[in-house]
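First to last, the sequence lines map onto chains B and C. First residue of the first sequence? That's 1 in UniProt numbering, and the numbers climb one at a time after it. First residue of the second sequence? That's 1 in UniProt numbering, and the numbers climb one at a time after it. All C-beta atoms, glycine included, are put in the ideal place defined by N, C-alpha and C.
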Amino acid sequence: MGHIGTPTSRVDGRAKVTGTARYAAEYVAPDLAYGVVVSSPVARGKIRAIDASAALAVPGVVQVFTHENRPSLAWFSRSWQDEVAPPGSPFRPLYDKEIHYSGQPVALVVAEEFEAARHAATLLRIEYETLPHATDLGAAREEAYEPRKKRSGIPPPAKPRGDAQAGYEAGAVKLEAEYRHGFEHHNPMEMHAATVVWEGDGRITVYDKTQGSQNCQSYIHNVFGIPSDQVRVVNAYVGGAFGSGLRPHYQLFLAVMAATQLERSVRVVLTRQQMFTFTHRPDTIQKMALAADADGKLTAFRHEAVQNTSRFEDYQEAVVNWAGLLYKCDNTLFDYRLAQLDLPTPGDMRAPGAATGLIGIECAMDELAYAAKLDPLEFRLRNYSEIDQDNNRKYTSKALREAYHIGAERFGWGRRSMAPGSMREGGELIGWGMATGVWEAMMMKTAANAVLHADGRVEVACATSDIGTGTYTILAQIAAEALGVDLARVTVRIGDSDLPKSPVSGGSWTAASAGAAVDAACQALRKSLFKLARGMDDSPLANASLDRVVFDGGAIRLADDEARAVALTDVLTAHHLSLVEEEGAASPSMISSMRYSRYTHSAVFAEVRVDAQLKVVRVTRIVNAVAAGRILNPKTARSQILGGVVMGMGMALYEETMPDHRFGRFMNHNLAEYHVAAHADVQGIDVIFVDEPDEEVSPLGVKGLGEIGIVGTPAAIANAIFHATGKRVRELPITIDKLLD
Amino acid sequence: MSDTETLTRLSTADADGESVTLTVNGERHALRLAPWVTLLDLLRERLHLTGTKKGCDHGQCGACTVLVDGVRMNSCLQLAVMRDGCEITTVEGLAEGGRLHPVQEAFIEQDAFQCGYCTPGQICSAVGLIREGHAHTAEEIRELMSGNLCRCGAYTNIVAAIEQAMGEQAMGEQPAARGDGR
């Protein structure tokens, strides 16, 4: 007992600090061949001819795969759609001669050695016929459309309320502005890779960088027609993903294709440049029109967004679905449109939609607060919404007000002077800004099992993933708590398609979902063990009931007299059992979902220091107060928020992938030119978890923490920069050039 | 794969290669290697020391940091033949017996990683940094660790872990500056 809620070091920590944790590209197999991907340099067109002779002549080269010699593959689009695919027809690697985007894989060169494959890949001669392309959302927005088919799990914008136009005109203070954030790429440190081990009897074991082993298993089955029971996908360790591993990507396809065609093991590792060629956070333009009356109460809230998608899928995210949750307003209009570009389909990147949408909402709220001459926090409190006005539902919990207050106090917000540029210190302009964050508290149907072995070891298993989030550790804590054993006695098995069913790990739902499933399995195991213990000869528990015992110290004890106990190991010995195993499952409650809205909230406060002359911005302080229900492990939970804040700093100040529209290609496709925050950029980040008991949101009272840290952070920093400089930059990231203008 | 198989493979693939002798984590390897093999690919693909990570292959991320004769370097930017005769220490070589290096211990204690992929590079870099002796404050640690990216954003805890390890090493001496640099 006492495991849940206790700061606990990662159970996979030792493996990670000693280098023994194995990632997708690190599994060895005899006779392993190496595949190197060749990418298209043109954005749209057709492959006219491929000359592979020079590549094939390189010693050690085994085969060059292109659309001309690919195996037979699934025909229907639905066979290519994975469990999180948006509506449309997914991209099919090496399917035909069509080029849909720059960077599209056009060939896989396989050789005995990596170096030979890499060299041979440069010798492939491919002739292209080019067609006109478009990669500029600014131009394409004219043809934006409302997606006809909605993406599953993404609610469409709320219906209009009242009269947004009349409310706007009636307002005493108004703001109409457009905000934009360019393309971003996930760039997990581990490049996408797949090692496919040919087991010799038709079976393959696939080590893939993915957030969902079972999603990849079904994809391989559906696309290649390989029976599911001959495909095992393992993702025991995932070197970051942030959404990039939600869908099966082409490294998986190519490695499986090559391995099954060559009947030998194959490894495909993408280059960092190729990490910019399969998914991205879409370019987003947001139009905001807000008004408030003389008391600072909102009279109109209009939020319209247009984002890019590809030509073949309607990727959608919830950009304009947040204002109605945060602010009370009776006149609203929300609109969401897509525009097609010749790029790969965008994908979910940490807090998809919210990270972006809250830039528009929270920067606009800051601007309107200034127009109303109100402190930005006070302005938000005046418009605080107690209910989800879009759906007319209560929240399972919403400790956002507390988060505002606790965060403000820790930050010292009360000492802020309102006027921009008023907090100068020497050559530095100091700015304090704040913003709100919100994300869904989701839960998904998940199964797990729990085993007690005769030696007292507990093993829990679920096909979910740990993408750095701490899943291994929280599941161990949950099992240790339920069964009253030491954490060291618990083994967690995840990241394997052979294990009980789990959706992809994403959306911040893993802790609530896999956590509840493991808990359910452990509760079932408790029941069985108790029954067995009661049935033992002279059992001290003979007259007890399950609710009158506790599991603690590796034994089942009478709650009233803990000295009267049966050791768990004795239970198995007495019944001559080598193990006892139980299954458990958890699903969201449909009734509760209809009655309540469920969200995580945060209040972010930021301090920036801007060099008055050079305009270099440094984020010197962040306080992020998070209301996320029950915190299973304060240590790893804090890390999740720290990480979200750091990525939010990137969104505010550094991260943008820039296409050269002439070539339709991302120019800064490497880590020297796509800037992510580095050590020197990150100073004091203070994370606070606000007390928020919530019995309703999920069985364990957990809301999830993967995304909330990034949401609100970019706007808080942007607002702080305004406070420091008096300049409103509405195009993020806010780079020096935009402040020097 | 057994050691014999590894050696067979090395000699077959690189039969015409250069002869290179490297000591990796105290173990001497006499190898024949093609000149285009990087130190990183040698470690990962031929010696199966996959603790050292490939994050960019361009010296831009630091995930491949190892200690070459005690000095931290990006192993993706070294051809293995350039390091003939050198002593290489990778993350696998830091623990002594079953005992973790103080930096490794501190990383676990401070939760200085999430996905763990940049971690071996951060740890090797931190060991090199401490040996260099130039960093005395959190600000200096941040500056001198900036070649090691962490996309999970564990920087705050990495700096705390390095401070902890430095503090332990400096025990008895003047206590290391622990200010937050602000």
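Interface with chain C (8 Å Cβ-Cβ cutoff): B:ARG380 is excluded. Put simply, the region 160-171 of chain B does not touch the region 308-323 of chain B. Fewer than three CB pairs are less than 8 Å apart.
Interface annotation, C:ASN157: in contact with chain B, CB-CB separation under 8 Å. Contact check for B:MET434 against B:ASN719 passes: the beta carbons are separated by less than 8 Å. Inter-residue distance for C:SER125 and C:THR119 is about 10 Å (C-alpha atoms, whole angstroms).
For B:TYR237, the closest Cβ of chain C is nearer than 8 Å. Among the residues of chain C, those whose CB is under 8 Å from the CB of B:ALA677 are GLY153, TYR155, following chain order. The Cβ-Cβ distance between C:ASN148 and B:LEU642 does not fall below 8 Å. Per DSSP, B:TRP439 lies in no alpha helix (DSSP H) segment; the continuous beta strand (DSSP E) that holds it begins and ends at 428-440. In the DSSP assignment, the residues bridged to B:ASN624 are B:VAL604, B:VAL687. When 7 Å is used as the limit between beta carbons, B:PHE114 is near these residues of chain C: ASP41, GLU45, in chain order. Pairwise C-beta distances place the region 196-208 of chain B out of contact with the region 318-336 of chain B, as fewer than three of them are shorter than 8 Å. The shortest C-alpha to C-alpha distance from B:VAL619 to any of B:SER602, B:SER639, B:GLY684 is the one to B:GLY684. The alpha-carbon of B:ILE99 is positioned some 5 Å away from that of B:LYS46. Taking C-beta separations shorter than 7 Å and ignoring five residues to either side along the sequence, the partners of B:GLU582 in its chain run ASN449, ALA450, ALA521, ALA524, LEU525, SER528, following chain order. The Cβ-Cβ distance between B:MET189 and B:GLY225 does not fall below 8 Å. For C:ALA63, the chain B residues whose Cβ falls inside 7 Å of its Cβ are MET189, in order along the chain. For B:ILE47, the beta-bridge partners assigned by DSSP are B:TYR128. Contact with chain C is absent for B:TYR472, since none of that chain's Cβ atoms lies less than 8 Å from the residue's Cβ.
With distances taken between CA atoms, B:ASP82 lies nearest to B:GLN214 out of B:GLN214, B:ASP163, B:LEU124. Taking 8 Å as the cut-off, the beta carbon of B:TYR250 is found closer than this to the beta carbon of B:PRO105. Here the C-alpha atom of B:ALA33 lies approximately 19 Å from the C-alpha atom of B:SER53. Residue environment analysis places B:MET288 among the buried positions, since at least 16 neighbouring C-beta atoms fall within 10 angstroms of its C-beta. Annotation for B:GLY664: ALA43, SER102, HIS133, THR135, ASP342 place their beta carbon closer than 6 Å to its own, counting only its chain and skipping 5 residues before and after.
The way I'd put it, the region 148-155 of chain B doesn't touch the region 52-72 of chain B; fewer than three beta-carbon pairs between them come closer than 8 Å. In the structure shown, B:LYS149 falls within a coil segment according to DSSP collapsed to helix, strand and coil. Positions of the beta strand (DSSP E) runs, each at least 3 residues long and wholly inside the region 386-412 of chain B, cannot be given because no such run exists. Close to chain B, meaning a Cβ-Cβ distance shorter than 9 Å, are the following residues of the region 136-149 of chain C: ALA138, GLU139, ILE141, ARG142, GLU143, LEU144, MET145, SER146, GLY147, ASN148, LEU149. The criterion of a C-beta distance shorter than 8 Å is satisfied by B:LEU137 and B:ILE285. In this structure, the alpha-carbon of C:HIS136 lies about 15 Å from that of C:SER146. Per DSSP, B:GLY664 is not a residue of any alpha helix (DSSP H), being assigned neither H nor E. B:ASP208 is bridged by DSSP to B:ALA194. The DSSP-derived three-state label of B:PRO41 is coil. By the rule that beta-carbons nearer than 8 Å mark a contact, B:ILE467 touches chain C. Buried is the label assigned to B:GLY19, since at least 16 other Cβ atoms lie within 10 Å of its Cβ.
Put simply, of B:TRP432, B:VAL36, B:VAL518 the residue whose alpha carbon is nearest the alpha carbon of B:ALA461 is B:VAL518.
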